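Chemist:
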Amino acid sequence: MLRELGDFDGFMETLISDWNVPGIGVSIARDDEVVFSKGYGYRDHASKLPYTGATWFPIASNTKLFTAVAAGLLVDRGLLGFDRPIREFVPSLRFYDKALDEAVTLRDMLSHRTGVPRHDMIWYEARLSQAELFERIRFMKPTAPLRSKFIYNNMMYEAVGHIIELLSGKRWDHFVRDEILTPLGMTDTEFTVADMLTRPEPAVPFLEKRDSDELWQPPYMDTDESSPAGSIVATMDDMSRWLLMLMNNGRVAGKQVIPGRILKATLAPGVALPDAMNEVLGFTPELNGIYGMGRQTASYRGHLLASHGGDLRAFHSQVSYLPNEKIGVNVFVIGDHCAILRNAVGYEIYDRLLGLPPTDWTQRLFDFTRRARSSLQEARQRVVPNPVPNTCPSHDLAGYVGRYEHPAYGPLTISLENDQLQLAFRKISLPLNHFHYDRFDTPDDEVDGAWSVLFQTSSLGDIDRVVIWLDQADAVFKRVPDAVPQSVIDKITGTYVTAIGIKAVVRLNRGQKLTLRFPNGPAEVLVPFKDLQFRSYLSPDTTFEFVMDGDRVKALRHWDAIAEFVLTRSEDDDTIDTMEEDDPADE
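Just so we're aligned, residue 846 is where the sequence shown starts under my numbering, counting upward by one.
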């Protein structure tokens, strides 16, 4: 034990008791060596297995600096630039609009200053590859001008991970292992929780229940997917090695492993951080925070502090150091209710090692968290549903059943089980209870929370959309029509003739969409509606219906609010061959 720490063990044991901490790991580095490493509580609270330096832990967003350094290595090799438009290097990257396409740089993406909100539900447990997430950047609408403010965005790091693969020819995780972990000797670091669970000492998630201090074990999050934004898992011993490298400008054991100029670039000021802690707590240990790339700097009681946090359900980490004093601290905390200790323990250690007058950060934060928890519990007890009385759904429950899809968030499914609608979205599966009109709500689940679903009708009167509040905005999921059986397609494709002799063709285009086309006109996509009825893609209030005569189609009716037309099925399908092959509806 370092002499300056005093009775640090006693301090930590008090925290474990007062905060009901399942487990916490702490390591301290000074100059070029690790001077302290110890676990308190348990890595597995249920089995009472101790937390040690060999305990594996998800570091969550502390992964981001690994990604920023990896990108910096490509900048160092001339394959990327921090401050030139990223599209110069990766033309396939598309943002929401042309202005962003032409201006966003790698530094903007790594500094969270694109003006694009985080949209975490795009990637959260979505099981999408980095390439698939890369393609969804174009759906993310900015809410602030470029470089005007700090808006945390995991998706930008996912995109940078894919960029690393595109330019290096190696997957992000392979590149990080080959270019960073192996040279650093970080042999106890992996990229997924699934990897961690194959190791001898994995940390196990535990939380306090919302309305009591009982600890319970939730499921692990995102176990199988590697993420440049937050999936790295490592032992405290390995992260101590990482900390030593950062403190010594890329050198470990006397060897320059990472070029110092890259690490210096990640510390360069990128965008000012909001003083959120002071706004919420009324005080702040850190002043004048500035985000660089994958980490931030601030003044802690007059001392320059470089740091970054990581937060995943039940797992919270903080990697920080004082560059001028060359003192660094890693803190790894199990439990959301005690997550703030990832910061507070570091403050306590810095105060003791610097000989500063003591400030009881932990007590201040303990008092705040208890007040906040009590306030939330009271708020949940007071809430009374307030639906509009005497309303009912606009359709039979079966009318809401189907698959709905959003271009960025992907699919969700509404099913009907025992006369109750069910919501299925990724790993979430919850019952839907009628609230009023076409709004249905789920129960407030301990893990997945409460969801409110609003169904909307088309101009033809059917349920065709689901609206859910996601990432501070309404996300509209459009109904996916049922696939048209090939046997039906075989019957309805062919030539149809209007009453004045104009021929039209129904066929599949190159995109395998059913289309209707008149000579010298654009092809119109026919969207399956119900039975042999279709709606117009361009004019949703127009309905098309194929009329059967026994087992044969004899006509095609189409109508809107003011007129109805009938086309007769032609026995002569030669017109199909004379239609132009350049079909605008192929997209």
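Note that beta-carbon positions come from the ideal geometry of N, C-alpha and C, so glycine has one too. Being a predicted model, the structure only gives us computed values, none of them experimental.
1. I'd like to know if the segment 1261-1274 and the segment 1202-1222 are in contact, where contact means that at least 3 CB-CB pairs between them fall below 8 angstroms.
2. Measure the C-alpha to C-alpha separation of Asp1417 and Arg1352 and round it to an integer number of angstroms.
3. Mapping DSSP to helix, strand and coil, what is Val1038?
4. Verify whether the separation of the beta carbon atoms of Gly1154 and His1148 is less than 9 angstroms.
5. If you drop the 5 nearest sequence neighbours on each side, which residues of the same chain put their C-beta closer than 8 angstroms to that of Asp1181?
6. Determine contact between the segment 1392-1412 and the segment 1336-1347, defined as no fewer than three beta-carbon pairs at a distance below 8 angstroms.
7. Measure from the alpha carbon of Arg952 to the alpha carbon of each residue in Trp968, Pro930, Leu938, then state which is nearest.
8. Taking the C-alpha atoms as reference points, what is the distance between Asp1309 and Arg1380?
9. Under 9 angstroms, do Gly898 and Ser1085 count as touching if we go by C-beta distance?
10. Beta carbon of Ile904, beta carbon of Leu1186: below 9 angstroms?
11. When DSSP labels each residue in this structure, what does Glu858 get in the three-state scheme?
12. Quick one, which of Cys1183, Ala1110, Phe1374, Glu1250 has its alpha-carbon nearest Leu1060's?
13. When you compare the segment 871-883 with the segment 1074-1088, are there three or more beta-carbon pairs, one atom per stretch, that lie closer than 8 angstroms?
14. Expressed to the nearest angstrom, what Euclidean distance is found between the alpha-carbon atoms of Leu1026 and Gly884?
15. Roughly how many whole angstroms lie between the Cα atoms of Phe1275 and Asp1289?
16. Taking the alpha helix (DSSP H) that Lys1109 belongs to, which residues open and close that run?
17. Inspect the beta-carbon positions of Phe1280 and Asp863 and report whether they are closer than 9 angstroms.
18. Would Gly1115 and Ile1135 qualify as a contact pair, given that the criterion is a beta-carbon distance under 9 angstroms?
19. Ordered along the chain, which non-local residues of its own chain (more than five positions away) have a Cβ less than 6 angstroms from that of Pro1047?
20. Considering only residues of the same chain and omitting the five flanking positions on each side of Asp889, which have a CB-CB separation below 6 angstroms?
21. Taking all protein chains shown into account, do 16 or more other C-beta atoms lie within 10 angstroms of the C-beta of Asn1133, making it buried, or fewer, making it exposed?
22. Might you give, ordered along the chain, the residues of its own chain that have their beta carbon closer than 8 angstroms to the beta carbon of Leu924, omitting 5 neighbours on each side?
23. With distances taken Cα to Cα, identify the nearest neighbour of Arg981 among Asp1286, Gly1356, Met1001, Ala1113.
24. Give the secondary structure of Thr1423 by DSSP, where H, G and I count as helix, E and B as strand, and everything else as coil.
25. Leaving out five residues before and five after Asn865 in sequence, what residues of the same chain have Cβ atoms less than 8 angstroms from its Cβ?
26. Would you call Lys1348 buried or exposed, if buried means 16 or more other Cβ atoms sit within 10 Å of its Cβ?
27. Just the C-alpha distance for Asp946 and Thr959, rounded to the nearest angstrom, thanks.
28. Helix, strand or coil: how does DSSP classify Leu1186 here?
29. Using 8 angstroms as the Cβ pair cut-off and three pairs as the minimum, do the segment 1170-1177 and the segment 909-927 touch?
30. Taking DSSP as the reference, what is the three-state secondary structure of Ile1407?
31. Nearest CA to the CA of Ser892: which residue from His957, Arg932, Gln1062?
32. If distances are taken between C-alpha atoms only, which option among Thr1080, Asp1327, Phe911, Met966 comes closest to Pro1373?
33. At which residue ranges does the segment 1261-1311 contain complete beta strand (DSSP E) runs of 3 or more residues, listed in the order of the chain?
34. Find the nearest neighbour of Val1298 within the set Asp1307, Val1321, Gly1306, judged by alpha-carbon distance.
35. Taking all protein chains shown into account, decide if Thr988 is buried (16 or more other Cβ within 10 angstroms of its Cβ) or exposed.
36. DSSP three-state call for Pro1435: helix, strand or coil?
Modeler: According to the structure data:
1. no
2. 14 angstroms
3. helix
4. no
5. Leu1052, Glu1053, Arg1158, Ala1159, His1161
6. yes
7. Pro930
8. 12 angstroms
9. yes
10. no
11. helix
12. Cys1183
13. yes
14. 24 angstroms
15. In the sequence as presented, Phe is not what sits at residue 1275; that position holds Leu. If I take the Cα positions, the gap works out to 10 angstroms.
16. 1105-1112
17. no
18. yes
19. Trp901, Met1041
20. Val1049
21. exposed
22. Phe934, Leu1012, Ser1013
23. Met1001
24. Reliability of the predicted coordinates at Thr1423 is poor, the pLDDT of 44 falling under 50, and no value is obtained from them.
25. Glu1053, Asp1058, Leu1060, Gly1180, His1182, Cys1183
26. buried
27. 11 angstroms
28. helix
29. no
30. coil
31. Gln1062
32. Asp1327
33. 1265-1270, 1273-1281, 1284-1286, 1297-1302
34. Val1321
35. exposed
36. The displayed coordinates of the chain run from 846 to 1432. Any statement about residue 1435 would go beyond what the structure contains.
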